[in-house]
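Report on the following structure.
2 protein chains.
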Amino acid sequence: MSKGHTTKEQIIWKAYQLFRERGYYNTSMADIGQACGLLKGSIYHHFASKEVLMEEVLKAVYNSFKQQVFDVAFQAMGTPKERLEKMMQAIEQTYFQEQGGCIMGQTGAHVPSNPAAFTSIIQQFFSAWKQAFAHVFTPQYGIEDSQRLAWQAIQEIEGAVTLYCIFFDKSFFISTRQRIEGMLA
Amino acid sequence: MSKGHTTKEQIIWKAYQLFRERGYYNTSMADIGQACGLLKGSIYHHFASKEVLMEEVLKAVYNSFKQQVFDVAFQAMGTPKERLEKMMQAIEQTYFQEQGGCIMGQTGAHVPSNPAAFTSIIQQFFSAWKQAFAHVFTPQYGIEDSQRLAWQAIQEIEGAVTLYCIFFDKSFFISTRQRIEGMLA
DNA sequence: AAAACTAGCAAACAAATGTTTGGTAAAATT
DNA sequence: AATTTTACCAAACATTTGTTTGCTAGTTTT
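Taken in sequence, the protein lines are chains H and D. When the letters of the first sequence are read in order and numbered with full-length UniProt numbering, they come out as residues 1 to 185. When the letters of the second sequence are read in order and numbered with full-length UniProt numbering, they come out as residues 1 to 185.
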């Protein structure tokens, strides 16, 4: 590192917060620069374009979720229910320790006008999430029903996060979490 | 009417389609004008600003939903289940006959950076929706449980619409609809 | 110590943004 | 028929947008 010590990871994190809270198109490079204590032009030393920056943000969110949520489902230790609870705990933290909803769901809602690279990552994100949920459901519900239940759980969580943004009320997620955890005995 | 016959309602409808498919900030006045066969400046003869136009779009969506969905819940005729099915049918049509997700949920996801007028309409929309669902659930589940079930249904539907946008797959909504209709005997 | 590299600033860039202005021709009103 | 109103165009407006360029000073490598 030289003069300043703004790392790529720091820019990605700040950009993530802004994109998530205000949306991709309502966040300018100047906004991101300001949040990092940089001029907007300086960001281009780290990222080729705003679009590439967004891609890296989405990838980082995917990896973070994979590590803290998806991978837990496939751990050897603990009962499926315990692993599910651990996953739900991590999900809750992710959505409520910072402001804004689900950047994947929000960005995904505008697929036809989005760069294809965004869509690809978003699809992978939700597919991986479904597989993780389905895996902890399978011992009790079998493969087929678990797929269905996994999508159902994701849908409810996405809805809960949306309503949280609108009404500033965590309770949608709280009861959703209880319902999902209650699916395993 | 004089020369051309572009009505306010036509502009609202075109703007609705664009806002819904691409988001508020990713839709320009030039885009809306083009969709109406107008120059962007001409829209200001009908609406004071882009923000006011969006407000009218949200109000129009609210009114349309109220007429075709919410009001059905309180009709005198038919069993609660029949009315619920009628509501779900109208919801399905709304979301799948045109492209894009739920403009209320999408816009609501960015509340902190949105004009307060947007948030107000969006909150009213979801509150009215909850009350309508709860009303058809009440005979079977009682007042308290019906509230919970109503929010749960809305969450699932919002999630289903989001996933539909991402995977171009209606089946999320189809099974959600069956689940919700199955809640009433 | 010299050379090469890095991170950032300052300024400029063309293009796109939402909005305003002045005019025109058709329609509605008188 | 004269007047006013309506819907729209054409052009300009100031800002903001994402991006590029040239330069500087610190850091790393040699």
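Glycine is no exception: its CB is placed at the ideal position from the N, C-alpha and C atoms. Predicted model, so just to flag it, every value in this text is computed and none were measured.
- Contact with chain D is found for PRO112 of chain H, since one of that chain's Cβ atoms lies less than 7 Å from the residue's Cβ.
- Cα atoms of GLU56 of chain H and TYR141 of chain D: separation of roughly 47 Å, rounded to the nearest angstrom.
- At a cut-off of 7 Å between C-beta atoms, TYR25 of chain D counts as an interface residue with respect to chain H.
- Within the model, the alpha-carbon separation for HIS135 of chain D versus THR176 of chain D is close to 19 Å.
- Less than 7 Å separates the beta-carbon of ALA153 of chain D from that of PHE133 of chain D.
- For ALA109 of chain H, the closest Cβ of chain D is nearer than 7 Å.
- Here MET87 of chain D is buried. Its C-beta has 16 or more other C-beta atoms within 10 Å.
- For GLY33 of chain H, the uninterrupted alpha helix (DSSP H) segment begins and ends at 29-36.
- Among the residues facing chain H, GLU21 of chain D is included, as its CB has a counterpart in that chain under 7 Å away.
- At least one CB of chain D lies nearer than 7 Å to the CB of ALA160 of chain H.
- A Cβ of chain H is located within less than 7 Å of the beta carbon of GLU156 of chain D.
- Neighbours of GLY105 of chain D in chain H, taken as residues whose beta carbon is under 7 Å from its own, are THR162 in chain order.
- Using a CB distance cut-off of 7 Å, GLY101 of chain H counts as an interface residue toward chain D.
- Each residue's CA atom was taken as its position, placing GLU158 of chain H and ALA60 of chain H some 19 Å apart.
- A contact between stretches requires three or more CB pairs, one per stretch, nearer than 8 Å, and the segment 90-97 of chain H fails this requirement with the segment 93-110 of chain D.
- DSSP, read as helix, strand or coil, puts LYS14 of chain H in helix.
- In the structure shown, the three-state DSSP call for SER49 of chain H is coil.
- For GLY37 of chain D, the number of other beta carbons within 10 angstroms of its own is below 16, and it is reported as exposed.
- Taking 8 Å as the upper bound on Cβ-Cβ separation, chain H lies near residues THR119, ILE122, GLN123, PHE126 of the segment 118-130 of chain D.
- As for any alpha helix (DSSP H) of minimum length 4 sitting wholly inside the segment 61-106 of chain H, the runs are 80-96, ordered along the chain.
- Between ILE32 of chain H and ALA15 of chain H, the gap from beta carbon to beta carbon is short of 7 Å.
- Any Cβ of chain H closer than 7 Å to the Cβ of ILE166 of chain D would place that residue at the interface, and such an atom is present.
- Straight across, the Cα-Cα distance linking THR138 of chain D with SER146 of chain D is about 5 Å.
- For VAL136 of chain D, the enclosing alpha helix (DSSP H) begins and ends at 116-167.
- HIS45 of chain H is classed as exposed because its beta carbon has fewer than 16 other beta carbons within 10 Å across all chains shown.
- Annotation for THR176 of chain D: the continuous alpha helix (DSSP H) segment containing it runs 171-181.
- The C-alpha of MET104 of chain H lies about 10 Å from the C-alpha of PHE19 of chain H.
- Annotated three-state conformation of TYR44 of chain H is helix, per DSSP.
- By the neighbour-count criterion, in which a residue is buried when 16 or more other Cβ atoms sit within 10 angstroms of its Cβ, MET77 of chain H is exposed.
- DSSP places LEU58 of chain D within a helical segment (H, G or I) once states are collapsed to three.
- Taking C-alpha positions only, LEU58 of chain D is separated from ILE121 of chain D by approximately 7 Å.
- Ranking H:ALA150, H:GLU181, H:SER113 by CA distance to the CA of ILE166 of chain D puts H:SER113 first.
- Under the three-state reduction of DSSP, GLY108 of chain H is assigned to helix.
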